[in-house]
Amino acid sequence: MQSHSLPYSCSQGLAFELAKERKFPDEFPKEGASITISDEFDLIKEEDEGSYPIIRNAKMSNE
């Protein structure tokens with residue numbers, strides 16, 4: 916079984932780093948499921964002056 920490292924990205928381009936490691940696919944919601952990601956919002960700055968949003972220490976739930 917494969918274990919994923921961080922960060923993960925959602926379809927809207929918002930990256931997130933999970934607070935606890937999860938095994939894929941067993942500990943992830945089914946494809947198409949609605950989920951909630953919460954915790955610390957941050958921006959990662961690229962060398963080319965661009966940046967992108969990330970949620971650090973993220974907690975994921977599908978309830």
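When the letters of the sequence shown are read in order and numbered with our numbering, they come out as residues 916 to 978. Each residue gets a CB set at the ideal place from its N, CA and C atoms; glycine is no exception. Quantities reported herein were computed from a predicted structural model and do not represent experimental measurements.
Exercise. By how many angstroms is the C-alpha of aspartate 941 removed from the C-alpha of glycine 928?
Worked result: Numbered from its first residue, the sequence shown carries residue 928 at position 13. Numbered from its first residue, the sequence shown carries residue 941 at position 26. Cα-Cα distance, rounded: 23 angstroms.
Exercise. How is the beta strand (DSSP E) around aspartate 963 delimited, first residue to last?
Worked result: Here residue 963 refers to the residue found at position 48 of the sequence shown. First-last for aspartate 963: undefined, no H or E at that position.
Exercise. Using the beta-carbon count (16 or more within 10 Å), is leucine 933 buried or exposed?
Worked result: The residue given as residue 933 occupies position 18 in the sequence shown. Per the 10 Å Cβ criterion, buried.
For this session: Go through its chain and collect everything with a Cβ distance to lysine 945's Cβ below 8 angstroms, but skip five positions before and after it.
Result: Locating residue 945 in the sequence shown gives position 30, counting from the first residue. Cβ within range, chain order: n/a, list empty.
Exercise. In three-state terms, what does DSSP make of isoleucine 950?
Worked result: Position 35 of the sequence shown, counted from the start, is the residue given in the question as residue 950. Of the three classes helix, strand and coil, the one that applies to isoleucine 950 here is coil, per DSSP.
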